[in-house]
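2 protein chains.
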Amino acid sequence: MATIQDVAKAAGVSAMTVSNVINDHPNVRPATRERVLAAMARLDYRVNVAARNLRKGRTGTIGLAVPELNRPYYGRLAAAIFTAAGRHGLRVSVEQTGARRENELAALSLSRNRLYDGLILSTVGMGPADVEALKVDHPVVILGERIFGGPVDHVAMPNVEASAAATRHLIERGCRRVAVVCGELRDEVHMSNLRHTGYRQALRAAGLPADPALVQSVPELTMAEGARRARAMVAGGLDFDGVFCVTDTVAMGVLRGLADAGVRVPEQVKVIGFDNVDEGAFLVPSLSTVDPDHDLMAERAVGLLVARLGSAGPPTEQEEFVSPFSLVLRESTST
Amino acid sequence: MATIQDVAKAAGVSAMTVSNVINDHPNVRPATRERVLAAMARLDYRVNVAARNLRKGRTGTIGLAVPELNRPYYGRLAAAIFTAAGRHGLRVSVEQTGARRENELAALSLSRNRLYDGLILSTVGMGPADVEALKVDHPVVILGERIFGGPVDHVAMPNVEASAAATRHLIERGCRRVAVVCGELRDEVHMSNLRHTGYRQALRAAGLPADPALVQSVPELTMAEGARRARAMVAGGLDFDGVFCVTDTVAMGVLRGLADAGVRVPEQVKVIGFDNVDEGAFLVPSLSTVDPDHDLMAERAVGLLVARLGSAGPPTEQEEFVSPFSLVLRESTST
DNA sequence: TTGTAAGCGTTATCAT
DNA sequence: ATGATAACGCTTACAA
Numbered sequence: 001m002a003t004i005q006d007v008a009k010a011a012g013v014s015a016m017t018v019s020n021v022i023n024d025h026p027n028v029r030p031a032t033r034e035r036v037l038a039a040m041a042r043l044d045y046r047v048n049v050a051a052r053n054l055r056k057g058r059t060g061t062i063g064l065a066v067p068e069l070n071r072p073y074y075g076r077l078a079a080a081i082f083t084a085a086g087r088h089g090l091r092v093s094v095e096q097t098g099a100r101r102e103n104e105l106a107a108l109s110l111s112r113n114r115l116y117d118g119l120i121l122s123t124v125g126m127g128p129a130d131v132e133a134l135k136v137d138h139p140v141v142i143l144g145e146r147i148f149g150g151p152v153d154h155v156a157m158p159n160v161e162a163s164a165a166a167t168r169h170l171i172e173r174g175c176r177r178v179a180v181v182c183g184e185l186r187d188e189v190h191m192s193n194l195r196h197t198g199y200r201q202a203l204r205a206a207g208l209p210a211d212p213a214l215v216q217s218v219p220e221l222t223m224a225e226g227a228r229r230a231r232a233m234v235a236g237g238l239d240f241d242g243v244f245c246v247t248d249t250v251a252m253g254v255l256r257g258l259a260d261a262g263v264r265v266p267e268q269v270k271v272i273g274f275d276n277v278d279e280g281a282f283l284v285p286s287l288s289t290v291d292p293d294h295d296l297m298a299e300r301a302v303g304l305l306v307a308r309l310g311s312a313g314p315p316t317e318q319e320e321f322v323s324p325f326s327l328v329l330r331e332s333t334s335t
Numbered sequence: 001m002a003t004i005q006d007v008a009k010a011a012g013v014s015a016m017t018v019s020n021v022i023n024d025h026p027n028v029r030p031a032t033r034e035r036v037l038a039a040m041a042r043l044d045y046r047v048n049v050a051a052r053n054l055r056k057g058r059t060g061t062i063g064l065a066v067p068e069l070n071r072p073y074y075g076r077l078a079a080a081i082f083t084a085a086g087r088h089g090l091r092v093s094v095e096q097t098g099a100r101r102e103n104e105l106a107a108l109s110l111s112r113n114r115l116y117d118g119l120i121l122s123t124v125g126m127g128p129a130d131v132e133a134l135k136v137d138h139p140v141v142i143l144g145e146r147i148f149g150g151p152v153d154h155v156a157m158p159n160v161e162a163s164a165a166a167t168r169h170l171i172e173r174g175c176r177r178v179a180v181v182c183g184e185l186r187d188e189v190h191m192s193n194l195r196h197t198g199y200r201q202a203l204r205a206a207g208l209p210a211d212p213a214l215v216q217s218v219p220e221l222t223m224a225e226g227a228r229r230a231r232a233m234v235a236g237g238l239d240f241d242g243v244f245c246v247t248d249t250v251a252m253g254v255l256r257g258l259a260d261a262g263v264r265v266p267e268q269v270k271v272i273g274f275d276n277v278d279e280g281a282f283l284v285p286s287l288s289t290v291d292p293d294h295d296l297m298a299e300r301a302v303g304l305l306v307a308r309l310g311s312a313g314p315p316t317e318q319e320e321f322v323s324p325f326s327l328v329l330r331e332s333t334s335t
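Listed below in structure tokens is the structure:
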């Protein structure tokens, strides 16, 4: 496989000149450039990225650590991040963390350092106790959760506000017994907890009581768990006329579970989700949801990372970007 | 950032000894090893992967080129490939091709060579005319289509057979006017064409006529196009009692479109898809489909690549692996 | 068991 | 406008 030296020899110039041609540096005479390009074509020359990386100290690749690509929400997000990274000439290498804290920490670990120029990390399992682990010497952007005061840049969803808006929408449509289907309620910064908080705020604002029986925690925010829980809620005789699901994925399961139990949506129970995954628009009934503007979030996450890549270490203040959101109203909450 | 030299100095040994410790080579006295490990910890040493790559001539990363991650099928496949690659100690870098031929060729292009040790390429846009482009000097595995006699390893779906089985299932359930929703029917090796062929075979075997009006080509195999087409079929007065959709994604759209048109599934029309994406089980009605065993396909694709990585060039024969399949029968085709 | 030397292919710097 | 030199950090020989 031809090297820069081979090309230089073939073109009768120095390696430096070849390098200058490759990198579009000025100060190369057109005639020389032509000669070099011809030699490159003749030898089928390809730059050795490893060598360039070593010399430059950067890899042109960023890491993206997400729980699992095989979930509509993360697939959507990842796609948007690839696109945004591509605009900056960056490649993306993916790590699946399985939403497990240890894997999220491993992705952060410097052992992977210099493999990526920076890392976009979707924290699900990590908690406030892990803030120290975020202090690494390459740029990191946390995506999707809201860990206030963390030592790194942060792109977050408006979890509390949007959840309150979704719940308020159910109430405005006439629901009085609104259930919430969420994950386990752990420390305050976890997604389920934040969205549950928004739910409660909306109930309180509407003067509705917060019945603990209406809080349905499932072990995993999957379709299967959503379906199972919905069936159990009906079978257990729970009195409810609306459900706020903290993700669209679990909402899809809930819709199925309610159908299994013979409950009609939206006539008997209204359902709203969160994330606006593509599938929601095509369900029967179609799913009302919160749209957090994935593309903008991806754009910002990559943008923040790129900004850090350019400048040196930690002098600048950490940025926090909270995406705007909108409600997408469909059949599952129509009157 | 500490280098191997720094560690060597700190531990009072040579760089070589440090390298031996890092790589678990034998012939390092336990005492020496301890001293080196201590120095590494003290200096917070991390290997520079770029340097190692340059020296070794391999990157430990494979490329995965798929149309778009934000589609249930490719998300599922990608997740399985990450997992399989991880078992071999390989990282995966993703390229989105948008199903466009030029991007698939670009992923193949040697310009990206030596960035990846090998490439898993999901060909959608490329055709038989592009076989030459597959002759690159790093390992490539083609995934998902069936380009017979290609110069590279190949993991394929049993497109024709499985489509025939799906169509036959509709016929066995009593359908006599079975429509097919597919993409554009171009050259023989494209997925839509292969699956359409299977559909036709099943019709012929059952002695049913092949009415061209029942072949519904959509410009893109998306949910939106599926829904639109289903509505159009009903609005246009097409006589049909079954639909074979060449992907689950388009089938989800078809289900929605039929619901919009007031057609009941499965009572009036039965629907079957292809891919067995997770969502299918939770739709109302749940979607019958073909399960091509994604995990096995991913496992084989990575396995074939790894086998090539180990050995040298092109001496061995190209492998072709066709995944087994099974029908998953759910409500959309129940009687 | 450990160390020395050389080079992987590229580019920044400084000359010419 | 072009070239010589010296790294970037690591590991494969080979030597001690």
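From first to last, the protein sequence lines are chains A and B.
Under full-length UniProt numbering, think of the first position of the first sequence as 1, with each following residue one higher.
Under full-length UniProt numbering, think of the first position of the second sequence as 1, with each following residue one higher.
Note that CB positions come from ideal geometry on N, CA and C, so glycine has one too.
Per DSSP, cross-strand counterpart(s) of residue i
i: Cys182(A); result: Ser217(A)
i: Arg91(A); result: Thr61(A)
i: Ser122(B); result: Leu143(B)
i: Ile272(A); result: Phe244(A), Ser288(A)
i: Gln96(B); result: Val66(B)
Which listed residue (the options) has its alpha carbon closest to that of residue i
i: Met200(A); options: Asp239(A), Gly174(A), Ala162(A); result: For clarity, residue 200(A) is Arg in the given sequence; the question names Met instead. The shortest Cα separation from Arg200(A) among Asp239(A), Gly174(A), Ala162(A) belongs to Ala162(A).
i: Val66(A); options: Leu54(A), Thr97(A), Val263(A); result: Thr97(A)
i: Ile62(B); options: Arg42(B), Arg87(B), Arg71(B); result: Arg87(B)
i: Glu68(B); options: Pro209(B), Arg100(B), Thr17(B); result: Arg100(B)
i: Glu145(B); options: Leu185(B), Ser122(B), Thr17(B), Pro324(B); result: Ser122(B)
i: Gly273(A); options: Gly262(A), Ala251(A), Leu255(A), Leu283(A); result: Ala251(A)
i: Gly232(A); options: Gln216(A), Glu220(A), Val246(A); result: In the sequence as presented, Gly is not what sits at residue 232(A); that position holds Ala. Taking only the C-alpha atoms, the option nearest Ala232(A) is Gln216(A).
i: His154(B); options: Val328(B), Ile4(B), Gly303(B); result: Gly303(B)
i: Leu283(B); options: Val290(A), Ala259(A), Asp291(A), Ser288(A); result: Ala259(A)
i: Gly127(B); options: Leu119(B), Ala15(B), Leu105(B), Glu267(B); result: Leu105(B)
i: Ala50(B); options: Tyr116(A), His25(A), Gly237(A); result: Tyr116(A)
i: Val124(B); options: Val322(B), Gly310(B), Ala107(B), Asn23(B); result: Ala107(B)
i: Leu208(B); options: Asp278(B), Glu172(B), Leu327(B), Glu95(B); result: Glu172(B)
i: His138(A); options: Leu305(A), Asn27(A), Glu299(A); result: Leu305(A)
i: Ala235(A); options: Ala210(A), Gly262(A), Met223(A), Leu255(A); result: Gly262(A)
i: Ile142(A); options: Pro219(A), Leu64(A), Ala205(A); result: Leu64(A)
Delimiting residues of the beta strand (DSSP E) encompassing residue i
i: Ser19(A); result: Here Ser19(A) belongs to no beta strand (DSSP E); instead the alpha helix (DSSP H) covers 15-22.
i: Ala156(A); result: 153-156
i: Asp291(B); result: 289-291
First and last residue of the uninterrupted alpha helix (DSSP H) at residue i
i: Gly242(B); result: Looking at the DSSP string, Gly242(B) is not in any alpha helix (DSSP H); the run it does join, the beta strand (DSSP E), is 242-245.
i: Val322(A); result: No alpha helix (DSSP H) contains Val322(A), which is instead part of the beta strand (DSSP E) from 320-322.
i: Ser326(A); result: Run containing Ser326(A): none in the alpha helix (DSSP H); it sits in the beta strand (DSSP E), 326-328.
i: Val306(B); result: 294-310
i: Glu317(B); result: No alpha helix (DSSP H) contains Glu317(B), which DSSP labels as neither H nor E.
i: Asp137(A); result: Run containing Asp137(A): none; DSSP gives neither H nor E here.
i: Met40(B); result: 30-43
i: Thr3(A); result: Unbroken run through Thr3(A): none, as it is neither H nor E.
i: His25(A); result: Neither: His25(A) is in no alpha helix (DSSP H) and is coded neither H nor E.
i: Ala107(A); result: 101-108
i: Val49(A); result: 49-56
i: Gly198(A); result: 191-205
i: Val234(A); result: 223-235
Supposed contact pair residue j and residue i - C-beta distance, whole angstroms, cut 8 Å
i: Asp293(B); j: Pro324(B); result: 6 Å
i: Asn70(A); j: Gly75(B); result: 5 Å
i: Ala8(A); j: Thr17(A); result: 7 Å
i: Ala80(B); j: Asp295(B); result: 5 Å
i: Pro151(A); j: Lys135(A); result: 5 Å
i: Gly253(B); j: Gly226(B); result: 2 Å
i: His169(B); j: Thr333(B); result: 6 Å
i: Ala164(A); j: Ala202(A); result: 4 Å
i: Thr335(A); j: Gly174(A); result: 7 Å
Cβ pair count under 8 Å reaching 3, the region 235-246 of chain A against the region 188-206 of chain A: The region 235-246 of chain A is in contact with the region 188-206 of chain A.
Determine contact between the region 169-180 of chain A and the region 205-215 of chain A, defined as no fewer than three beta-carbon pairs at a distance below 8 Å. yes
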